[in-house]
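As structure tokens, the structure follows; a few thoughts come after it.
Chains as they are written, first to last, in our numbering: chain A, -13 to 100; chain B, 383 to 495.
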């Protein structure tokens, strides 16, 4: 069975704080893909990053960074120096090699307070 | 490049009616997936189409159906609407599915009264 768990339902931080959103996944496949999406209040999901199971390198893009660890089946997302515009619901998703569907976590609502 | 478009954006229907939602993927994308998003259940996968073929289906009753046309545009249909079908229906397109990121449309907000 495939599953994505985002245990943090809601996080509130003050602007300029760093925040990490957790994502734990389950799959028996050796080839799989992990994604993060952002859903701002406007409602449209925005793609942030894709990572395949063979690439465990961490990635940094501006204030965003991702830490992929196969040993703990985690793909965590860190926002450095958070801003009010980062306020959104963030979803982690998994796509395994044997299926054509994406499994989404329940999302983490991030509130960044000015 | 134009993004994923969905029509209509908002819809109000009565129980027992049926509804058809439309999705136009990004040009060149052949995979289209549909999701239902509700506050209680989150994002739930409905089905995925590629080159007019349904490759996977989620755990939804047969009242939910879809199809894809030769130009990759897709429609989903819900028959005999129930109050619980009220949700945001999202369409996503990708180059070929699975390994590729999906790009989402703005969604259709369906309210069933």
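Glycine included, C-beta positions come from ideal geometry on N, C-alpha and C.
For this session: Return the bridge partner residues of residue 12 of chain A from the DSSP annotation.
Result: In the first chain, residue 12 of chain A corresponds to position 26, counting from 1. Looking at the DSSP assignment, residue 12 of chain A forms a beta bridge with A:-11.
Exercise. Per DSSP, which one or two residues make a beta bridge with residue 95 of chain A?
Worked result: Taking the first chain and counting its residues from 1, one reaches residue 95 of chain A at position 109. Answer is A:-4, A:75, bridged to residue 95 of chain A.
Exercise. So does the segment 9 to 24 of chain A actually touch the segment 396 to 409 of chain B, counting three or more Cβ pairs closer than 8 Å?
Worked result: no
Problem set entry | Presumed contact (8 Å Cβ cut-off) between residue 486 of chain B and residue 31 of chain A, rounded CB distance | One-based indexing of the second chain puts residue 486 of chain B at position 104. One-based indexing of the first chain puts residue 31 of chain A at position 45. That pair is a contact at about 4 Å.
Exercise. Going by Cα to Cα distance, which pick from A:34, A:58, A:1 is closest to residue 75 of chain A?
Worked result: Counted from its first residue, the first chain places residue 75 of chain A at position 89. It is A:34.
For this session: Using a Cβ-Cβ cut-off of less than 7 Å, list which residues of the segment 7 to 31 of chain A approach chain B; keep chain order.
Result: 19, 21, 29, 30, 31
Exercise. Taking three-plus beta-carbon pairs below 8 Å as touching, is the segment -10 to 3 of chain A in contact with the segment 66 to 73 of chain A?
Worked result: yes
Exercise. Taking any Cβ of chain A, which residues in the segment 459 to 473 of chain B have a Cβ under 8 Å from it, in chain order?
Worked result: 470, 472
Problem set entry | is_contact[residue 484 of chain B, chain A] using C-beta, thresh 8 Å | By 1-based counting over the second chain, the position of residue 484 of chain B is 102. Yes, residue 484 of chain B counts as interfacial toward chain A.
Problem set entry | Assigned secondary structure, residue 386 of chain B (DSSP; H/G/I helix, E/B strand, else coil) | Position 4 of the second chain, counted from the first residue, corresponds to residue 386 of chain B. Coil at residue 386 of chain B, not helix or strand.
For this session: For residue 495 of chain B, write down the residues that DSSP places opposite it in a beta bridge.
Result: Within the second chain, the letter at position 113 stands for residue 495 of chain B. In DSSP, residue 495 of chain B forms no bridge with anything.
For this session: Measure the C-alpha to C-alpha separation of residue 4 of chain A and residue 477 of chain B and round it to an integer number of angstroms.
Result: Counted from its first residue, the first chain places residue 4 of chain A at position 18. Counted from its first residue, the second chain places residue 477 of chain B at position 95. Distance between the alpha carbons of residue 4 of chain A and residue 477 of chain B: 34 Å.
Exercise. Distance, Cα to Cα, residue 96 of chain A vs residue 26 of chain A?
Worked result: On the first chain, residue 96 of chain A is found 110 positions in, with the first residue counted as 1. On the first chain, residue 26 of chain A is found 40 positions in, with the first residue counted as 1. Their Cα atoms are separated by approximately 10 Å.
Exercise. Does DSSP put residue 66 of chain A in a helix, a strand or coil?
Worked result: Here residue 66 of chain A refers to the residue found at position 80 of the first chain. Residue 66 of chain A falls in the coil class under three-state DSSP.
Exercise. Who does residue 440 of chain B pair with in a DSSP beta bridge?
Worked result: Numbered from its first residue, the second chain carries residue 440 of chain B at position 58. For residue 440 of chain B, which the question treats as bridged, DSSP gives no partner whatsoever.
Problem set entry | Partner residues on chain A for residue 434 of chain B, Cβ-Cβ distance less than 9 Å | What you label residue 434 of chain B is simply residue 52 of the second chain in a count that begins at 1. The premise fails here: residue 434 of chain B is roughly 14 Å from chain A at the closest Cβ pair, so nothing lies under 9 Å.
Exercise. When DSSP builds the beta bridges, which residues end up paired with residue 394 of chain B?
Worked result: Position 12 of the second chain holds residue 394 of chain B. Note: residue 394 of chain B sits in a beta bridge opposite B:493.
Exercise. Are the C-beta atoms of residue 437 of chain B and some chain A residue less than 8 Å apart?
Worked result: Position 55 of the second chain, counting from 1, holds the residue named residue 437 of chain B. Chain A, which has a Cβ nearer than 8 Å to the Cβ of residue 437 of chain B, makes this yes.
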